[in-house]
Structures are given as structure tokens and as C-alpha cells.
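J.: Sequential numbering from 11 applies to the sequence shown in my numbering.
Where is the CB? At the ideal position from N, CA and C, for every residue including glycine.
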Amino acid sequence: MTEIIRDPRALFARCEAVRKAAHARVGLVPTMGALHDGHMSLVEHSTRLGATFRVLSIFVNPLQFGPSEDLARYPRTFDADLARCEAHGVDVVYAPTPEVMYPRGFQTQVEVPKVSARFEGALRPTHFAGVATVVTKLFTAVGPAVAVFGRKDFQQWKVLTRLTEDLNLPIEIIGAPIVREPDGLAMSSRNRYLKGPLRIRASAISLGLRAAFDSYQAGERSPEKLAALARAPVAENFDAIDYVEAVDADSLEPLAGPAERMVLLVAARLGTTRLIDNLELGHDARP
Ligand code: AMP
């Protein structure tokens, strides 16, 4: 049975009890709900890493949405999410209310400025402070744990890794591989907005990533050329490109020249839906 906990102190007490009594290793998978196979792969990943008490949090975090973003229409499917968690052996669903997370007078924010500066952070100026703040609160609520994040949100994973090191938190951060649909589209809660022709056009991102992957395999190492290959089908099929760039996979800074390892970061818009994806060349499998 998956237990639902809504209060951070109750969650801490529960995790502390299983750590003490059963020597459990706590696994944490933070989500905003509308769960899909990508989310559930993170739970499985935590199990493979030795987590014996699995906590999945569901919280649509207002702090990480900008004023013109899709907070109000973000999908909320709690009953279906809970059923998925039951089926995957999740021990606790932590679903706090906004009032608990952000009590009256709330003002503390956690910022990781440098790694947040470019890409998502440049386009969504308050986003990563919102993510870093809520994740710090989740980490505090579970105590020592292994926390699994998707590399789908590559920059977020880097921000949270930095945060955890900087604050010496008793958390092991793991980045798990991207789970994709059969045509290569990265799974996302926002994919449900893509109907008919939009859904078909959305696969242009993975088409571009595959072209870059194949060229890399054939020996191409120029970040500009690989990014251009990834960009072409997106430019043709999407309404607007926010970025398609190949950068250093650790710092997310531009590369001075050809490189063995780099990450291709993509963000583009189809109608009112914004999709992000990435591929770490020299590390990831063919998307
Ligand atoms: P979200 O609910 O969108 O905030 O995502 C919660 C977690 O699931 C984040 O760590 C995401 O990176 C991860 N995630 C979302 N989609 C995928 C996917 N297709 N494959 C792997 N992880 C994912």
C-alpha cells in the first residue's frame, strides 16, 4: 500500500523511523505529477541503486513558473498518479499543499546563479530559484537519501548537483537516462497537449538529435556542425526555436573547439507547448 503524507514533519518522522528500525535507504523522486513512464523509470532506478523505502513527491510548484507560464493549466491527475505509484511499489507519495510549502510570509530562496544563468535560466529568469528552493525543502523533509532526477531536464540536474555539493546536503544526486516514446519524443507531462499533426511535428527534435548522434559516430566533433544538424529539422517543423546548442557537458559553457564530450541542448515551441530535450554526445545511446 502506498501511504500518502502531506506534512513535511510527518514525512521526516516516517523516513527517520525506517532508517533507524529497518536500516532502510530512502529514495526520493521529486515530480509535479501527471506521471508517465519516464517518472516511473526514476523510481525503478532508485530501487536499482539500493533504495528500500521509496518516496515520490507530487507538487506543482508555483515558485518555478513564470507569470506567463502554464501553472493554471498544468495537468493534475492525482488519482491516476497514485495508482501508478501503487503499481510500482512506491512506499510514500508526499503531496504537500501550497499552504504547507509556502506559509504566509514565506521569503527564503535558494539560488545557484552561475549554472542557472544560460538556457532555461535565461528564458525563465525565476525558474531555477523556484526549483532549487522547493527541492531544498524536499531534501530537508526526507533527510539522508538518494534522489533521482531525469537527465531530460539536464540543466536542472546540474543545478541540483551543484546545490547539493555547495550546501553539503546528505543527499546523493543521480541523473537517470531519458525515457522516450517509440518515435524518439522524450516523454513529458506536457506531451498530452500535442494532438494530431503537432504530435507528428514534435518528433523533429529527436530526428535532429539522431542526425547529430550519427554524425558524431562517424567522427564529427565540431559543436557548431553537430548543433546545425540537430537544428535543421526543428527549424522546419517547430513554430519557434529557443535554443539548439552544443556546449560543455559540465559547465554548460560554450566550447572553444572540437570536443569528445558535449551536450546538445534543445528547446523549441509548437503552438503554446514548449518542449525541451538533450543528448550527451560521447555518453548517451542513440535517441
Ligand atoms: P516533472 O514532473 O516534469 O517535474 O519531472 C519530474 C522528474 O522526472 C524530473 O527529474 C524530470 O527530469 C524527470 N523526467 C521527466 N520526463 C522524463 C523522461 N522522459 N525521462 C526521464 N526522466 C524524466
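In the DSSP assignment, the beta strand (DSSP E) including T171 goes from what residue to what residue?
T.: Run containing T171: none in the beta strand (DSSP E); it sits in the alpha helix (DSSP H), 164 to 176.
J.: Just the C-alpha distance for L195 and S216, rounded to the nearest angstrom, thanks.
T.: 6 Å
J.: Considering only their Cβ atoms, is the gap separating A240 from G218 smaller than 7 Å?
T.: Between G218 and A240, the C-beta gap is smaller than 7 Å, which places the two residues in contact.
J.: Quick one, which of L59, N288, R284 has its alpha-carbon nearest S78's?
T.: Ranking the options by Cα distance to S78, first place goes to R284.
J.: Distance, Cα to Cα, E234 vs E270?
T.: 13 Å
J.: Quick one: what's A105 bridged to in DSSP?
T.: Partner(s): none; A105 has no beta bridge.
J.: Out of H293, G140, Q119, L177, which has the shortest C-alpha to C-alpha gap to F75?
T.: Residue G140 is the option with its Cα nearest to F75.
J.: Just to check, is the beta-carbon of G48 closer than 6 Å to a non-hydrogen atom of the ligand AMP?
T.: G48: yes, Cβ under 6 Å from the ligand AMP.
J.: Report, in whole angstroms, the separation of the C-beta atoms of L38 and V53, which I expect to be a contact under 8 Å.
T.: In fact, because the Cβ distance is near 10 Å, the residues do not count as touching under 8 Å.
J.: Could you tell me the alpha carbon to alpha carbon distance between D252 and A245, rounded to whole angstroms?
T.: 10 Å
J.: So is P3 buried or exposed if we call it buried at 16+ other beta carbons inside 10 Å?
T.: The structure shown has nothing for residue 3, since the chain only spans 11 to 297.
J.: What did DSSP end up calling P187 once you bin it into helix, strand or coil?
T.: Coil.
J.: With respect to 6 Å, is the separation between the Cβ of M197 and the closest non-hydrogen atom of the ligand AMP below this value?
T.: At least one heavy atom of the ligand AMP sits closer than 6 Å to the Cβ of M197.
J.: Given 6 Å as the limit, tell me if K147 has its C-beta closer than that to any heavy atom belonging to the ligand AMP.
T.: Not under cutoff, so the answer is no.
J.: Closest by CA to E109, which one among F69, P268, A259, R58?
T.: F69
J.: Output yes or no for whether 7 Å exceeds the beta carbon distance between A142 and L173.
T.: Cβ distance < 7 Å, so A142 and L173 count as in contact.
J.: Return the residue from the list V145, F223, A237 that minimises the CA-CA distance to V122.
T.: Comparing C-alpha distances from V122 to each of V145, F223, A237 shows the shortest one belongs to V145.
J.: Run through DSSP, which three-state label would L275 get?
T.: strand
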